[in-house]
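Peer 1:
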Amino acid sequence: MAAFVAAPAAAAAGLTAARGGAFTAAARPATAAAAAAPARRAVVRMYGPPASAGSSTERSTKLTDPERRPGSLKGFVNEMRMVAMKLHTKDQAKEGMQEKSTIPINEWKPKQSDFVQFLADSLHVYEYFEEDLMVADSPHPEYARFANNGLERCAALKTDLAYLASLGNPTPSPTSAATKYVDYLKTLESKPEAVICHWYNYYFAHTAGGRMIGRMMQNLLFEGRELAFYMWEEDVSDILNRVRGIIDEVAADWPRDVKDECLEETGLSFAYSGTVLSNLAKAG
Numbered sequence: 001m002a003a004f005v006a007a008p009a010a011a012a013a014g015l016t017a018a019r020g021g022a023f024t025a026a027a028r029p030a031t032a033a034a035a036a037a038p039a040r041r042a043v044v045r046m047y048g049p050p051a052s053a054g055s056s057t058e059r060s061t062k063l064t065d066p067e068r069r070p071g072s073l074k075g076f077v078n079e080m081r082m083v084a085m086k087l088h089t090k091d092q093a094k095e096g097m098q099e100k101s102t103i104p105i106n107e108w109k110p111k112q113s114d115f116v117q118f119l120a121d122s123l124h125v126y127e128y129f130e131e132d133l134m135v136a137d138s139p140h141p142e143y144a145r146f147a148n149n150g151l152e153r154c155a156a157l158k159t160d161l162a163y164l165a166s167l168g169n170p171t172p173s174p175t176s177a178a179t180k181y182v183d184y185l186k187t188l189e190s191k192p193e194a195v196i197c198h199w200y201n202y203y204f205a206h207t208a209g210g211r212m213i214g215r216m217m218q219n220l221l222f223e224g225r226e227l228a229f230y231m232w233e234e235d236v237s238d239i240l241n242r243v244r245g246i247i248d249e250v251a252a253d254w255p256r257d258v259k260d261e262c263l264e265e266t267g268l269s270f271a272y273s274g275t276v277l278s279n280l281a282k283a284g
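Letter by letter, the sequence shown follows residues 1 to 284 in the UniProt record's numbering.
What follows is the structure in structure tokens.
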């Protein structure tokens, strides 16, 4: 199963080299928000979202069409996955191009308060996606397509934070890791193709490595109690398949340069998400 893993690369590896060169579109100038992204927090490298790998036939096919990108024969979601895989560490995936992790997950020893901070930071990001962007009455039809898709996490996070507060862990304000991520996302609001890249990586990764980390945290900190953040109202595989279809439908009419605008955000989505997850990446 895919997982989040601590990486040796700091923000410079994720936030400056973020718009990785897995395709040929020219990178956009860095925005002020991106430049202000946290540089001193421990950055956590995460696995990309789950998806089935391309067939051996597809991998061996010579691509002569200049408009075609790796994975594109199986839809745009697979293109997104292919780019994300290159941001894995070398021990996470054979396609990975990053150095091996410095703090293995099994050495993470956060306190309950660290986990509560992680949930509070996560809620701040999810609230922006779910309450401000992916809503049915969005002026951007692309965002409206993702309203009530089944992956929403805000209600579950609020349930968990209320429970943890009852144990003596009051809900803190979000840290700069979360607020700066949302500030950056706000600069992209008029570019659905860029936002959808962040949305995809943030939500899909939580269903993969995020669940594995959740089980570890539940056992380490809460005597195995299952938390709502790691549960969905239906089989999450069914939700993911449905949402993959929505992404492919939304991207079907995008010209190549718009698709590349989306893919260019992959590195930044990993880097910003990693700063949120770094609440947990603490040695004992």
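All C-beta atoms, glycine included, are put in the ideal place defined by N, C-alpha and C. Only a predicted model underlies this, so the values are computations on that prediction, with no experimental measurement involved.
Alpha carbon to alpha carbon, how far is V195 from M217?
Peer 2: Their Cα atoms are separated by approximately 29 Å.
Peer 1: Can you list, in chain order, the residues of its chain whose CB lies under 6 Å from that of G214, leaving out five sequence neighbours each side?
Peer 2: So the qualifying residues of the chain are Y230.
Peer 1: Kindly indicate which three-state DSSP category A252 falls into: helix, strand or coil?
Peer 2: In this structure, A252 counts as coil in the three-state DSSP scheme.
Peer 1: With a threshold of 6 Å on Cβ separation, who are the neighbours of P172 within its own chain once the five nearest residues in sequence on each side are excluded?
Peer 2: These residues qualify, in order along the chain: Q117 and A120.
Peer 1: Express the C-alpha separation of V258 and A136 in angstroms, rounding to a whole number.
Peer 2: C-alpha separation (whole angstroms): 23 Å.
Peer 1: Which residues does DSSP list as the beta-bridge partners of W199?
Peer 2: DSSP output for W199 lists no bridge partner at all.
Peer 1: DSSP three-state call for A208: helix, strand or coil?
Peer 2: If DSSP states are grouped into helix, strand and coil, A208 belongs with coil.
Peer 1: For A283, write down the residues that DSSP places opposite it in a beta bridge.
Peer 2: Per DSSP, W108.
Peer 1: Taking 7 Å as the CB-CB cut-off, is L164 touching chain C?
Peer 2: Structure shown: chain C not included; a single protein chain is present.
Peer 1: Using 8 Å for Cβ pairs, my map puts L263 next to V83. What's the rounded Cβ distance?
Peer 2: The pair is a contact, with the Cβ atoms about 5 Å apart (cut-off 8 Å).
Peer 1: With three or more beta-carbon pairs closer than 8 Å as the criterion, would you say the region 141 to 153 touches the region 224 to 238?
Peer 2: With the cut-off at 8 Å, the region 141 to 153 and the region 224 to 238 touch.
Peer 1: In whole angstroms, what is the alpha-carbon distance linking T207 and N219?
Peer 2: C-alpha separation (whole angstroms): 18 Å.
Peer 1: Less than 7 Å between the beta carbons of W199 and F129, yes or no?
Peer 2: Contact flag set, yes.
Peer 1: Between which two residues does the alpha helix (DSSP H) holding V135 run?
Peer 2: Note, V135: premise wrong, no alpha helix (DSSP H); not H, not E.
Peer 1: Would L164 and L123 be called neighbours here (beta carbons separated by less than 7 Å)?
Peer 2: Cβ atoms of L164 and L123: not closer than 7 Å.
Peer 1: Do F146 and L221 have their C-beta atoms within less than 7 Å of each other?
Peer 2: No, they are not a contact pair.
Peer 1: What is the DSSP secondary structure of A271, counted as helix, strand or coil?
Peer 2: A271 falls in the helix class under three-state DSSP.
Peer 1: Count the other CB atoms within 10 Å of the CB of D160; is the residue buried (16 or more) or exposed (fewer)?
Peer 2: So D160 counts as buried.
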